[in-house]
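Residue numbers (full-length UniProt numbering): 1 to 338.
Encoded structure:
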C-alpha cells in the first residue's frame, strides 16, 4: 500500500536540543539534532509516511524572526510542489504560536502545514518530542487535514494556528486554544476532527513584494496601571510603521494613553487588543475616555478575538505588503472574528 510523502523541516528548539554535560542531573541544552535525527528517533514513523527531512536552521526559539519563518514557508511551498502531501515544521515552543500564525497568514495551499515542538529535550526523562512529531506527521498525512490552513499538533491535540497559545512555561500540555479549544485529536493513531474545514483566506503578496526584506517596525505595547502613554510617545518619536496596544479588559486604556494612541493613529495604523488571554475587544460597550468607543473614534482599530501577539503579526504582515489603513481595518474586521 502506498503511503503519503510528508516533508519535515527543522528549525531547532527544545525538540532538537541536547546537552554536552554527562551527568544524571542533566545539563544546559542547545539545538544540535538534525531533521534526519529527529525523524530517526520516532518509532513507527516509517509506517505512517515516506518522510523527507531537511534541517532549515538550528536556532533556539527566541532567536527566530519573521524572515526565518517566511523562508521556512517558501521551503514548505516547494516541498508540496515537489509532491509532498503535507509538511511539518519543528521548532522551539517559546515562539511557536507566533510562527504558526505567521505561516498561516500566507499559506495558500490546501495541503496541511503542521507545526510542532517539545517541552522536554530528547535527553530528558519522558521526552515528548517523538510523540509530538509522530502526531504532527499523522496530521500532515491525513486527507481530512486539507483546507484547514496551518495547524499545531501538540500533546495529541490539534489546534488552529490563529487561536493556539502557549499557556504554561514548563508543562508538556502547554498549548491550548483558550477561545474555542482544539479542533481535533489523535487517538490510537487516528486523526479526528470535531469541526469541518473552515479557514480565512490567506493574505496575497503583491507582485514584486518580498516579505522579510526591509522589515517594517511594528512593536507590541502592553498597558498597565497608571500608564501615561510615555512609552508609546517615545516609540512615535523613534519611528514606527504601526503599533499594537494590549489593553485592559476588552481593549481599554487610561485617558492619557488614549491621547497618545490618537496622536499616533493619525500617522500610522494602531490596533488595540485585549491582554486578558481570552475574549474579544469591545465595539460599543463603554464610552469613557480610553474605552473601545473612544479609541475607535480616535482612529484605532480593534483586534477583535485576536490575541495581542497574533494581532501584531497580522499588522506586521499587512504593513509589509503595503496595505493602506482602510485595508488594515477591513482585514482585521474579517480575521478578528471566529
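Where a beta carbon is used, it is the ideal one built from N, C-alpha and C, also for glycine.
CB contact flag (residue i, residue j, <8 Å)
{"i": "residue 197", "j": "residue 241", "result": "no"}
{"i": "residue 250", "j": "residue 292", "result": "yes"}
{"i": "residue 238", "j": "residue 295", "result": "no"}
{"i": "residue 187", "j": "residue 153", "result": "no"}
{"i": "residue 34", "j": "residue 10", "result": "yes"}
{"i": "residue 335", "j": "residue 200", "result": "yes"}
{"i": "residue 166", "j": "residue 220", "result": "no"}
{"i": "residue 6", "j": "residue 49", "result": "yes"}
{"i": "residue 99", "j": "residue 51", "result": "no"}
{"i": "residue 150", "j": "residue 109", "result": "no"}
{"i": "residue 155", "j": "residue 173", "result": "yes"}
{"i": "residue 60", "j": "residue 92", "result": "yes"}
{"i": "residue 269", "j": "residue 328", "result": "yes"}
{"i": "residue 140", "j": "residue 88", "result": "yes"}
{"i": "residue 226", "j": "residue 266", "result": "no"}
{"i": "residue 333", "j": "residue 308", "result": "no"}
{"i": "residue 133", "j": "residue 116", "result": "yes"}
Span separating the alpha-carbon of residue i from that of residue j
{"i": "residue 276", "j": "residue 119", "result": "24 Å"}
{"i": "residue 58", "j": "residue 14", "result": "10 Å"}
{"i": "residue 313", "j": "residue 215", "result": "12 Å"}
{"i": "residue 183", "j": "residue 104", "result": "16 Å"}
{"i": "residue 72", "j": "residue 111", "result": "15 Å"}
{"i": "residue 320", "j": "residue 164", "result": "24 Å"}
{"i": "residue 195", "j": "residue 235", "result": "42 Å"}
{"i": "residue 4", "j": "residue 45", "result": "12 Å"}
{"i": "residue 12", "j": "residue 90", "result": "7 Å"}
{"i": "residue 53", "j": "residue 82", "result": "13 Å"}
{"i": "residue 284", "j": "residue 302", "result": "11 Å"}
{"i": "residue 36", "j": "residue 222", "result": "40 Å"}
{"i": "residue 161", "j": "residue 326", "result": "25 Å"}
{"i": "residue 189", "j": "residue 55", "result": "26 Å"}
Simplified DSSP assignment, three categories, for residue i
{"i": "residue 190", "result": "strand"}
{"i": "residue 145", "result": "helix"}
{"i": "residue 90", "result": "strand"}
{"i": "residue 262", "result": "helix"}
{"i": "residue 28", "result": "coil"}
{"i": "residue 23", "result": "Reliability of the predicted coordinates at residue 23 is poor, the pLDDT of 47 falling under 50, and the value obtained from them is presented with this limitation in mind. Three-state result, residue 23: coil."}
{"i": "residue 332", "result": "helix"}
{"i": "residue 5", "result": "strand"}
{"i": "residue 271", "result": "strand"}
{"i": "residue 59", "result": "strand"}
{"i": "residue 183", "result": "coil"}
{"i": "residue 203", "result": "coil"}
{"i": "residue 278", "result": "coil"}
{"i": "residue 249", "result": "coil"}
{"i": "residue 12", "result": "strand"}
{"i": "residue 302", "result": "strand"}
{"i": "residue 99", "result": "helix"}
Identity of the residue in the options nearest residue i by Cα
{"i": "residue 43", "options": "244, 138 and 329", "result": "138"}
{"i": "residue 224", "options": "117, 217 and 232", "result": "232"}
{"i": "residue 271", "options": "27, 279, 316 and 177", "result": "316"}
{"i": "residue 264", "options": "256, 243, 280 and 281", "result": "243"}
{"i": "residue 228", "options": "253, 325, 47 and 285", "result": "253"}
{"i": "residue 282", "options": "310, 132 and 247", "result": "247"}
{"i": "residue 280", "options": "107, 255, 289 and 310", "result": "310"}
{"i": "residue 127", "options": "38, 205, 168 and 226", "result": "38"}
{"i": "residue 157", "options": "85, 168 and 175", "result": "175"}
Close Cβ partners of residue i (< 7 Å) along its chain, the five nearest in sequence each way excluded
{"i": "residue 337", "result": "304 and 305"}
{"i": "residue 41", "result": "122 and 130"}
{"i": "residue 193", "result": "144, 183 and 184"}
{"i": "residue 17", "result": "29, 30, 31, 32 and 121"}
Residues near residue i by beta carbon distance below 8 Å, same chain, minus five either side
{"i": "residue 331", "result": "203, 314, 318 and 323"}
{"i": "residue 171", "result": "119"}
{"i": "residue 278", "result": "178 and 179"}
{"i": "residue 287", "result": "293 and 294"}
{"i": "residue 106", "result": "70, 73, 202, 203, 205, 211 and 317"}
Beta-carbon proximity list for residue i, same chain, < 6 Å, skipping 5 on both sides
{"i": "residue 159", "result": "152, 177 and 182"}
{"i": "residue 62", "result": "94"}
{"i": "residue 290", "result": "252, 253, 254, 255 and 258"}
{"i": "residue 262", "result": "298"}
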